[in-house]
Amino acid sequence: MKRTRSGQLFRDLGRQLSEASAVLADEPESEAVTAALSSLAAARKALALLMLERAAGTTERAPRAPDAPSLSRRVLLDVDRAAVRLGRSFTRSTCEEWGLPQPVVSAAFDVVSELVANAARGASEPLVLSLELGADDLLVQVWDDGPGLPRLLPYRTGISERGIGLRLVSQLSTAWGALEEQGGKWVWARLGRGGRPVPQARSAP
170 MKRTRSGQLF
180 RDLGRQLSEA
190 SAVLADEPES
200 EAVTAALSSL
210 AAARKALALL
220 MLERAAGTTE
230 RAPRAPDAPS
240 LSRRVLLDVD
250 RAAVRLGRSF
260 TRSTCEEWGL
270 PQPVVSAAFD
280 VVSELVANAA
290 RGASEPLVLS
300 LELGADDLLV
310 QVWDDGPGLP
320 RLLPYRTGIS
330 ERGIGLRLVS
340 QLSTAWGALE
350 EQGGKWVWAR
360 LGRGGRPVPQ
370 ARSAP
């Protein structure tokens with residue numbers, strides 16, 4: 170509960186900064202307005218960095234074996250048209266730095282593309298993209314402040330691109346899920362280090 174309340178405070182503060190920036194942007198140009206906008210932009214960046222630091226210090230969102238060694242990288246993504254491209258670039262460079270085989274890099278690239286695109290649709294604050302490499306798998310996690318948890322819809326002709334994206338995540342991962350936390354939600358997916366998994370039935374995380 171404490172995390173949820175503090176997360177809501179971050180979310181409210183970010184919204185207030187956005188509203189203040191919009192009001193000032195409508196005012197006639199002046200040195201005072203320009204300085205105020207610069208200060209608000211710096212405050213929003215500081216808030217986003219604080220969110221990233223809190224994300225790094227939270228307990229793991231998806232289950233992992235006790236004492237499993239891991240490497241991790243996290244990045245903030247602004248909610249704009251470049252979010253997916255930057256998320257892909259971060260994922261590819263990180264996976265290559267860790268020496269992962271191309272099938273794993275390709276699967277991670279596709280999963281991050283879908284999770285970031287979905288998160289950006291309903292978010293108002295920067296997204297957090299987290300990659301964590303364990304002994305047996307790669308854990309991909311995305312945080313956003315949008316409402317509701319994602320659902321895997323049954324396939325139908327004419328299904329939305331959003332539904333297709335989650336189905337692709339399900340096919341590429343050994344498990345995936347979502348958890349409400351920090352005034353938003355984490356959506357995660359596990360990718361086997363051997364590449365794309367053989368489709369199989371699996372229980373909820």
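Just so you know, we're using the working numbering here: the sequence shown kicks off at 170 and counts up by one. Yeah, the Cβ is synthetic: ideal placement off N, Cα and C, and Gly gets one too. Here the structure is a predicted model, which means the values were calculated and not measured.
Check                                                                                                                             : Outcome
Ranges of the beta strand (DSSP E) found wholly within the region 272–306, counting only runs of at least 3                       : 296–302
Other residues of its chain near valine 253: CB distance less than 6 Å, five sequence neighbours each side excluded               : Ser282, Val285 and Ala286
For valine 356 and threonine 228, the rounded distance between their alpha carbons                                                : In this prediction, threonine 228 scores a pLDDT of 40, lower than 50, which makes its location untrustworthy; no coordinate-derived value is stated.
Beta-carbon gap between alanine 288 and glycine 315 smaller than 9 Å                                                              : yes
Chain-order list of residues whose beta-carbon lies under 7 Å from that of glycine 363 (same chain, five-residue window excluded) : none
Rounded C-alpha distance that separates valine 244 from leucine 298                                                               : 5 Å
Backbone CA spacing between valine 273 and leucine 296 [nearest angstrom]                                                         : 23 Å
Neighbour-count burial assignment, arginine 359, 16 or more Cβ in a 10 Å radius                                                   : buried
Bridge partner(s) assigned by DSSP for aspartate 313                                                                              : Lys354
N-terminal and C-terminal residue of the beta strand (DSSP E) that arginine 242 is part of                                        : 240–246
C-beta contact flag for serine 339 and leucine 321 at 9 Å                                                                         : yes
With 16 other Cβ atoms within 10 Å as the buried cut-off, status of serine 239                                                    : exposed
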